[in-house]
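Trainee:
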Amino acid sequence: MYDGGNNMFEWVISTSLLIVIVMVLRQLLKDRIQPWVRYALWLVVLARLLVPFQFGEFDFSMMNGVEQLPVVQEIDSMRNVDQIAHMDDGSVEGYDLSGLSADTPQIVARNKTDQEFQKMETSLKLRNLFAAVWKAGMLLMAAVFLAGNGQFHAKLVRTRRLLSMENMACPVYVTESIETPCLFGFFKPIIYVTPEVAADSRTLRYAVEHEMSHYRQKDPLWSLLRGICLIMQWFNPLVWAAAVLSKNDCELACDAATIRRLGEEERADYGRTLIEMTRPGRNVLLINATTMTGSRHALKERIEMIAKKPKMAVCTLIVVILVAAAAVLVTFTGAKNDGFYQWLQSVELTDKTSVTVGQRSDDENIRLWVPLYEESDREALMIIIRKISEDQIRKGTVTTEEQGCSLSMYDFDLNEENDSQFSVVRSADFYVLTSGEVYVVFDTATNKELGSKRKSWIIDSPALTAFIIGKAGGQKTDFQNRLRSVMADVKADDFEEISTLWYADREEIADALNRAAGEESTSRLAVGTDLYWFVSINLKDRPEDTVGGLHRYLRLQCGLKENLVEITCYEGASFEKMYLMDEALYNLVRHSRDYEEIVDPEAYEKFADILVPQMEFHLNSMSEAN
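Under the working numbering, the first residue of the sequence shown is numbered 10, with each subsequent residue one higher.
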């Protein structure tokens, strides 16, 4: 129905604000507006509760202010993220397990410390916990709602007997199972009265007229919808308060409608009879019946309304309508996000900006990225971007299956002491969709800088689409041959640094790469495979091995899938990747961190019953993941 992420947060906040507005309005004007107007105001709240999303984007939306709150921005940074991982370069990669595979991560943060990462991880766990508790609460509330109404209906059916009355739109029954008259039924409402009410013709007449007012107002339907709202936002005390007040206003409107049909001469008699029939007690909000129970304050308010005969001026009605309309505009609409368009108008490609084009390989289901070096290409891209108008942009989210050719912009911050180290300041990815439009995604840090809550837009620009497709297609190469040539050319003394390779020397790695480059055992079954062990190799500075001053490095990874090795060559922001089935290379990576442990036999014997099951559990979990 609705996810437990940011959209839900916005829904709860906007609903709560709308409830407060209606509460204040009804309190300020309670003696100046007709009861039916007070009751009608709750329809706006009902609509907000039943429609958990925003309509459009406007400057006057309340979400413009809400989204500036630090807590909201923190929640937004984890939008659509189900799992996070702290990478070696300080970035945090987030994965949408429902739609994205682990080899296409979303960068959710840059340069995070371990403490900051732990905070993000805790926030993610709390969000997931809340989502689970919310859904469990809804199921419990729905069960209580259905069981309560089912039991109430069964009790009425067992004890009721038909009361003969002429010209009735719905049947009337007498039962001893209730304390006050009521109207009950989801689809075919029935009036129920007590034996005491049925024995007095005047009281019976007033009770039936009162319940017929509920029938004409479609109150059983509104009561059902009120119950659904309580189920959906069972955790929100303002929704419960709104349910109580709306039920009280329902009775006020019903009293006023009943008096209009009875006539002003019977107003006093109806009021006295109402006092006799009504019983003090709390409102039973999850039972779909219009029972004559309520708090002493609610009963007092009903008697005062009957006695005072409130009148409403036309200007008061106009004020109420205008305030209600304004409340709808600020709570039903989303925040105005013009940061993306402003970025399009101000973006510049500097010497620190890497621009690459990519095209998905049908054979391997991976993407080859190739840098755009020519200054004329970069200038042409800027001209196209600047000509995009605001009406060509809309928000949207698409699946990876719809994404074809792509273009990426990465701004780098080079380390002055060691220019082989760099970090991405911000990034933007442009994907051509199967529809011909362009899908744009920012990293979270850039998105916050732009003051925008969304991370993705869709641009309808034929010129931009043609540019990306043309450049990606024109620069497509045989990525396997290029990567194999890098592997074949690697020498042990080319290695500037090898991380995590503790127990295999450079010669062994170089020889394994050289030999694997000449083999044809490429695997096409690696998509979705979990990789646990890796070796990262920085290559020494050679003019032909650098891209815009950014060095190349190799990353070798493997998992529990025997002999399968993922090999990636990074050249600045671009990379080429393939999977090989190679036993020797697999064993080098798989056991790169192995070292000989000295085990105390007595200690192992003592704790074997604990250690062995834990090791088997972890190995089984890793095997199942693959």
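Cβ atoms here follow ideal geometry from the backbone N, Cα and C, with glycine treated the same way.
1) What does the Cβ neighbour count give for residue 235, buried or exposed, with the cut at 16 atoms within 10 Å?
2) Taking the beta strand (DSSP E) that residue 179 falls in, what are its first and last residues?
3) With DSSP collapsed to three states, give me the class of residue 543.
4) Please classify residue 268: is it buried, with 16 or more other beta-carbons within 10 angstroms of its beta-carbon, or exposed?
5) Among all the DSSP beta bridges, which residues are the ones paired with residue 438?
6) With burial defined as no fewer than 16 other Cβ atoms inside 10 Å of the residue's Cβ, what is the status of residue 414: buried or exposed?
7) Using 10 angstroms around the beta-carbon of residue 620, count the other beta-carbons present and answer buried if the total reaches 16, otherwise exposed.
8) If residue 41 sits next to residue 321, beta carbons under 8 Å apart, how far is it from one beta carbon to the other, in whole angstroms?
9) Residue 519 to residue 574, Cα distance in whole Å?
10) What residue from 546, 612 and 304 has the CA that sits closest to residue 578's CA?
11) Let me make sure I understand the geometry here. Which of 261, 260, 251 and 280 has the alpha-carbon closest to that of residue 211?
12) Do the segment 247-267 and the segment 17-33 meet, that is, are 3 or more Cβ pairs less than 8 Å apart?
13) For residue 181, which residues of its own chain have a beta-carbon under 7 Å away from its beta-carbon, when the five flanking residues on both sides are left out?
14) Can you find the residues in the same chain that come closer than 6 Å, C-beta to C-beta, to residue 50, ignoring five residues on each side of it along the sequence?
15) Going straight from the alpha carbon of residue 627 to that of residue 159, what length do you get?
16) Kindly indicate which residue of 350, 353 and 384 has the alpha-carbon position closest to the one of residue 365.
17) On a CA-only basis, which of 398, 328 and 418 is nearest residue 362? Give me that one, please.
18) From residue 411 to residue 450, what distance separates their C-alpha atoms?
19) Given residue 146, which residues of its chain have a CB within under 6 Å of its CB, disregarding the five upstream and five downstream residues?
20) On a Cα-Cα basis, can you pick out the residue from 515, 397 and 253 that is closest to residue 470?
21) Tell me the DSSP secondary structure of residue 569 in three-state form.
22) Identify every residue that forms a DSSP beta bridge with residue 54.
23) At the level of alpha carbons, what is the spacing between residue 60 and residue 330?
24) Looking at the structure shown, is residue 162 part of a helix, part of a strand, or coil, going by DSSP?
25) Below 7 Å between beta carbons: does that hold for residue 441 and residue 406?
26) What are the partner residues of residue 172, as DSSP defines its beta bridges?
27) Please report the residue range of the alpha helix (DSSP H) in which residue 227 lies.
28) Give the range of the beta strand (DSSP E) segment to which residue 192 is assigned.
29) Let's test the definition: count the other Cβ atoms within 10 Å of the Cβ of residue 64 and tell me whether it reaches 16, buried, or not, exposed.
30) So, under 8 Å CB-CB, residue 185 and residue 204 are touching, yes? Tell me the CB distance rounded to an integer number of Å.
31) Just confirm the distance between the C-beta atoms of residue 26 and residue 71, as a whole number of angstroms; I'd bet it's less than 8 Å.
32) DSSP three-state call for residue 598: helix, strand or coil?
33) From the DSSP output, in three-state form, read off residue 486 for me.
34) Work out the CA separation of residue 343 and residue 284 for me, nearest whole Å.
35) Taking only three categories from DSSP, how would you classify residue 43?
36) Let me check understanding here. Comparing Cα to Cα, which of 226, 446 and 297 lies closest to residue 165?
Mentor: In short, the structure shows the following:
1) buried
2) It is not in any beta strand (DSSP E) - residue 179 carries neither H nor E in the DSSP assignment.
3) strand
4) buried
5) 417 and 450
6) buried
7) The residue is exposed, with fewer than 16 neighbouring Cβ atoms inside 10 Å.
8) 6 Å
9) 15 Å
10) 546
11) 280
12) yes
13) 172, 174, 200, 202 and 217
14) The beta carbon of residue 50 sits closer than 6 Å to the beta carbons of 31 from its chain, once the five residues preceding and following it are set aside; these are given in chain order.
15) 48 Å
16) The option with the nearest alpha carbon to residue 365 is 384.
17) 418
18) 14 Å
19) Excluding sequence neighbours, residue 146 sits near 243.
20) 397
21) coil
22) Answer is none; residue 54 lacks a bridge partner.
23) 21 Å
24) Helix.
25) no
26) 181
27) Looking at the DSSP string, residue 227 is not in any alpha helix (DSSP H), and its letter there is neither H nor E.
28) Per DSSP, residue 192 belongs to the beta strand (DSSP E) from 191-193.
29) The residue in question, residue 64, is exposed, as its Cβ has fewer than 16 Cβ neighbours within 10 Å.
30) 6 Å
31) 6 Å
32) In the displayed model, residue 598 falls within a helix according to three-state DSSP.
33) In this prediction, residue 486 scores a pLDDT of 49, lower than 50, which makes its location untrustworthy; no coordinate-derived value is stated.
34) 47 Å
35) coil
36) 297
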